[in-house]
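The letter at position 6 of the sequence shown is residue 6 when you use full-length UniProt numbering, and the numbering goes up by one with no holes.
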Amino acid sequence: MKNKRVILLAGHNFISPGCHTVIDKKIITEFDLVTDIVANVFKRERLMGIDLINKARNQFGDLVSEVNSLNGDYLISCHLNAYDNKSQGTEVLYSYISQRGKELARIAQDKLVKHLGLNDRGIKPTKLNERGGSILNKTKPVAILLEPFFLDDITDRAILDDYMRKTEDAILEILNYIDKQEL
Ligand SMILES: [Zn+2]
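This is the structure we're talking about:
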């Protein structure tokens, strides 16, 4: 059986690093953390049936064509959420027209909620003009966008490290699911 190629994408880039929190007077950005998550998953992943491609961006080319050039079967885009410094919970986004995206989003949400134990904010069908819309709707792979937790709510390094590790554990289980299923 052919290996399944999974693109694991760190959301944002170093110039436009997404949301952030401040811990011990130090700014910690979403991009810093999602690149850590993606790298750590890559180091820990040992599935024979998965061809894992890590992607973090250093430039502003067209992300959709960059992703499509990688010929992935699946795309997992990693983000962290932010709102009002006090909301917390987990959500996963998918293209509103993709049944397989919805199925994978459901699996991913269950695994993230199981590991993190945070408020289950559900899976979100996403249109082109919404947050994450072009990466979810214009790319060829079955695509989901993870929002495992709200970064701006966290002011304690130990809690952040715990959430990071649990997010990595959940992504490894998502990869294991993709490896096992007959699609
Ligand atoms: Zn983001």
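We put the CB at the ideal spot given by N, CA and C, even for glycine.
Residues of its chain near residue i, where Cβ-Cβ distance is below 7 Å and the 5 sequence neighbours each way are ignored
i: Asn-85; result: Asp-152, Asp-153
Under 8 Å between C-beta atoms of residue i and residue j
i: Pro-148; j: Tyr-74; result: no
i: Leu-116; j: Lys-166; result: yes
i: Gly-133; j: Lys-124; result: no
i: Leu-118; j: Gly-72; result: no
Whole-number beta carbon distance between residue j and residue i, since they are thought to touch under 8 Å
i: Arg-131; j: Ile-23; result: Between Ile-23 and Arg-131 the Cβ distance is about 25 Å, and since that is not below 8 Å, they are no contact.
i: Val-41; j: Leu-70; result: Actually they do not touch by this definition, with Cβ atoms about 17 Å apart.
i: Ile-178; j: Ile-50; result: 7 Å
Simplified DSSP state of residue i, which is helix, strand or coil
i: Glu-150; result: In the sequence as displayed, the identity of residue 150 is Phe instead of Glu. If DSSP states are grouped into helix, strand and coil, Phe-150 belongs with the strands.
i: Asp-24; result: coil
i: Glu-30; result: helix
i: Arg-46; result: coil
i: Arg-106; result: helix
Spatial neighbours of residue i in its chain, beta-carbon cut-off 6 Å, leaving aside the 5 residues before and after
i: Asn-81; result: Glu-147, Phe-150
For residue i, the nearest candidate out of the options (CA to CA)
i: Ser-87; options: Arg-121, Val-113, Ile-135; result: Arg-121
i: Glu-30; options: Cys-78, Arg-5, Asn-137; result: Cys-78
i: Leu-172; options: Ile-97, Phe-60, Ile-107; result: Ile-107
i: Asn-58; options: Gly-11, Glu-91, His-20, Leu-52; result: Gly-11
i: Ile-159; options: Lys-2, Val-6, Phe-14, Thr-21; result: Thr-21
i: Ser-16; options: Ser-65, Lys-2, Asp-32, Asn-3; result: Asp-32
Cut-off 8 Å between Cβ atoms - residues of its own chain near residue i, not counting five sequence neighbours on either side
i: Gly-101; result: Tyr-94, Ser-95, Leu-136, Val-142, Ala-143, Ile-144
i: Asn-129; result: none
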